[in-house]
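Single-structure report; data block below.
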Amino acid sequence: MIHHSDRGAQYGSKEYIQLLKSNGIKVSMGKIAQDNAYAERVNGIIKNEYLKRWYIADFKSLKQRTKKAVNHYNEQRLHRAFKNQYSPLEFKKSLIDLKNRPRKRQFIYSEGNFQINVASHIDLKPIEQSQNYSCPLIIKNELLTKTVNPI
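Residue numbering for the sequence shown follows my numbering, beginning at 803 and increasing consecutively.
Have a look at this one:
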């Protein structure tokens, strides 16, 4: 079992964490507030779209139904984040099965220095003082102008 919390003081206390661990419960907390939103979203979906629709007689039944809901959510349910084409498990498999593809070589033109046609660590010299400037770039035969703030 995993106990997820929003890093509230009561959930982060040594006594509470020790109580969870002594009962074999893993502790889960996001590092920043935004992390919690994802966990809350998933918990809300499982609670409202699965568990509330089923009859749950006891704790054993709750555990079985929760496992069924989580498995369906991860393995079968199509997600809007994936344009309703994949479940999370299918999306993960599609990433693992991606084939390596050769990338096109990027040619860069730097105004004022016609000798640079390919960026490399040798061609680029550090600037002593940071300054904003416009840098026109030709990438794939398209002219782009970007404001760059070198670090």
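Quick reminder that beta carbons are idealized off the backbone N, C-alpha and C, glycines included.
- Assignment of H805 by DSSP, reduced to helix, strand and coil, places it in the strand class.
- In the structure shown, the three-state DSSP call for S863 is helix.
- According to the DSSP assignment, K823 belongs to the alpha helix (DSSP H) that extends over K816 to S824.
- Beta bridge pairing from DSSP links V844 with no other residue.
- As DSSP reads the structure, K828 sits in a beta bridge with I804.
- The Cβ-Cβ distance between L853 and R843 does not fall below 8 Å.
- Scanning its chain for C-beta atoms nearer than 6 Å, with the 5 sequence neighbours on each side dropped, one finds around Q878 the residues S889, in chain order.
- Secondary structure at H874: helix, using DSSP grouped into helix, strand and coil.
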